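Here the structure comes first, spelled out in structure tokens, and everything after it is commentary.
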Amino acid sequence: MDVLILWTLGMWVVQLLIVWLIYRMQGRRMTWGQYILPCAALLGGAIVVMISIDIGGWNGIGYALLGVSLGTAGMLTLITVVIAELVLRRRGRN
Numbered sequence: 213m214d215v216l217i218l219w220t221l222g223m224w225v226v227q228l229l230i231v232w233l234i235y236r237m238q239g240r241r242m243t244w245g246q247y248i249l250p251c252a253a254l255l256g257g258a259i260v261v262m263i264s265i266d267i268g269g270w271n272g273i274g275y276a277l278l279g280v281s282l283g284t285a286g287m288l289t290l291i292t293v294v295i296a297e298l299v300l301r302r303r304g305r306n
């Protein structure tokens with residue numbers, strides 16, 4: 213279970229790094245581009261979970277855990293991006 217937690221946190225960090233790079237490339241402005249990656253990760257996690265239901269057995273459980281991990285990382289990234297945008301709006305930088 214520790215590996216699953218580390219995997220989720222690792223994916224979250226990578227997604228935050230990509231979102232930060234998008235933020236820097238767009239001239240330090242929050243735009244819709246920052247929301248695409250977390251939503252895609254969340255959708256991808258849900259699709260992996262649905263596919264794992266068809267696989268079944270122990271392999272299906274493994275894929276389901278991977279999908280839940282991906283979806284969780286996407287949700288964490290989405291929440292972080294929303295909080296960052298709210299903070300930047302409050303400071304008047306956006």
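Numbered according to the working numbering, the sequence shown spans residues 213 to 306.
Backbone N, C-alpha and C define an ideal beta-carbon position, used for all residues, glycine too.
Only a predicted model underlies this, so the values are computations on that prediction, with no experimental measurement involved.
Excluding residues up to 5 positions away in sequence, Tyr-275, Leu-278, Gly-279 and Leu-282 lie with their Cβ nearer than 7 Å to the Cβ of Val-260 in the same chain. Shown here, Thr-220 sits in a helix according to DSSP, grouped into three states. Separation of the CB atoms of Leu-249 and Thr-289 is rounded to 7 Å, and the pair is thereby assigned contact status at 8 Å. Residue state for Arg-302 is assigned as helix, using DSSP reduced to three classes.
Boundaries of the alpha helix (DSSP H) around Met-262: 245 to 267. The Cβ atoms of Leu-254 and Met-287 sit closer than 8 Å to each other. If you draw a straight line from the Cα of Ile-273 to the Cα of Ser-264, it is about 7 Å long. Met-213 carries a coil assignment under DSSP once its states are collapsed to helix, strand and coil.
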